[in-house]
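Engineer: Here's a structure for you.
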Amino acid sequence: MALKATIFKAELQISDLNRHYYESHSLTLARHPSETDERMMIRLLAFALFADPLLVFTRGISTIDEPDLWRKSLSDEIELWIELGLPDAKRLGKACGRSEQVQVVSYGGRNADLWWKKTAPELARFDNLSVWNIPFESSRALAALVERQMQLQCLVQEELIYLTLGETSLEIRPDRWLEAAQP
Numbered sequence: 000m001a002l003k004a005t006i007f008k009a010e011l012q013i014s015d016l017n018r019h020y021y022e023s024h025s026l027t028l029a030r031h032p033s034e035t036d037e038r039m040m041i042r043l044l045a046f047a048l049f050a051d052p053l054l055v056f057t058r059g060i061s062t063i064d065e066p067d068l069w070r071k072s073l074s075d076e077i078e079l080w081i082e083l084g085l086p087d088a089k090r091l092g093k094a095c096g097r098s099e100q101v102q103v104v105s106y107g108g109r110n111a112d113l114w115w116k117k118t119a120p121e122l123a124r125f126d127n128l129s130v131w132n133i134p135f136e137s138s139r140a141l142a143a144l145v146e147r148q149m150q151l152q153c154l155v156q157e158e159l160i161y162l163t164l165g166e167t168s169l170e171i172r173p174d175r176w177l178e179a180a181q182p
């Protein structure tokens, strides 16, 4: 018998001072049996960073032709493709060809550093690709926040992300490894 996804609910209040985006989102996150708490919380953080009324979680891990999150136009064109982890250059090349903008949110400490060192030369040719890295300590601290019902506040200001759940607050400073060319 196949294991089922575990359902998590998150009330996410976002104040993104960089993009002037101020909204609350009621989110349902289905954590695949093979997904860790860390990865699920990175998904939630990616949602907060790129939040938009049309941004949605996809089928993710269980589907090879979809990213973890995407935003489609009303005419079903992919405007934003968001990958998590350490995707290979070939997959990102396909994503860059299918979407106006591609964002990678990597994590994993030393593994992410090694992935970037190996993959960066291949990725530099994509004008619509940005790569962020969440430091190891931050991704582990995010995983420690997991609850089945979460009420989170997220403040994005300049290069910092402040995430609060109850009495716990995290300050996350992602590394910007690659920035897309401005349109």
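Numbering-wise, the sequence shown is residues 0 to 182 according to this note's numbering. Using N, Cα and C, we set each Cβ at its ideal position, and we do this for glycine too.
Report the CB separation of residue 102 from residue 131 in whole angstroms; it is logged as a contact under 8 Å.
Structural biologist: For this step, residue 102 is matched to residue 103 along the sequence shown. For this step, residue 131 is matched to residue 132 along the sequence shown. Right, their Cβ atoms sit about 7 Å apart.
Engineer: Within the continuous alpha helix (DSSP H) that includes residue 137, where are the two ends?
Structural biologist: Within the sequence shown, residue 137 is the residue found at index 138, counting from 1. Element bounds for residue 137: 135 to 143.
Engineer: In the DSSP assignment, what residue or residues form a beta bridge with residue 176?
Structural biologist: Here residue 176 refers to the residue found at position 177 when the sequence shown is read from its first residue. DSSP, once it has assigned bridges, lists no residue as partnering residue 176.
Engineer: Provide the residue(s) that pair with residue 95 in DSSP beta bridges, ordered along the chain.
Structural biologist: Along the sequence shown, one-based indexing puts residue 95 at 96. Partner(s): none; residue 95 has no beta bridge.
Engineer: Could you compute how far the alpha carbon of residue 137 sits from the alpha carbon of residue 42?
Structural biologist: Counting from one through the sequence shown, the residue named residue 137 turns up at place 138. Counting from one through the sequence shown, the residue named residue 42 turns up at place 43. Roughly 14 Å separates the two Cα atoms.
Engineer: For residue 169 and residue 128, what's the separation of their Cα atoms in angstroms?
Structural biologist: Translated into the one-based positions of the sequence shown, residue 169 becomes position 170. Translated into the one-based positions of the sequence shown, residue 128 becomes position 129. Computed Cα separation, rounded: 27 Å.
Engineer: What residue range does the beta strand (DSSP E) around residue 15 cover?
Structural biologist: Along the sequence shown, read from residue 1 onward, the residue named residue 15 stands at position 16. 5 to 15 is the span of the beta strand (DSSP E), which, as asked, contains residue 15.
Engineer: Could you tell me which residues DSSP pairs with residue 118 in its beta bridges?
Structural biologist: As a working note, residue 118 is residue 119 in the sequence shown. Per DSSP, none; premise fails for residue 118.
Engineer: Which same chain residues, not among the five before or five after residue 159, have their C-beta less than 8 Å away from its C-beta?
Structural biologist: Reading the sequence shown from its first residue, position 160 is the one you call residue 159. Within the same chain, residue 159 has close Cβ partners 170, 171, 172.
Engineer: At which residues does the alpha helix (DSSP H) containing residue 125 begin and terminate?
Structural biologist: If you number the sequence shown from 1, residue 125 lands on position 126. Premise fails: residue 125 is in no alpha helix (DSSP H) and is neither H nor E.
Engineer: Excluding five sequence neighbours on each side, which residues of the same chain lie with their C-beta closer than 6 Å to the C-beta of residue 121?
Structural biologist: On the sequence shown, residue 121 is found 122 positions in, with the first residue counted as 1. Closer than 6 Å at the Cβ level, and outside the excluded window around residue 121, lie 88.
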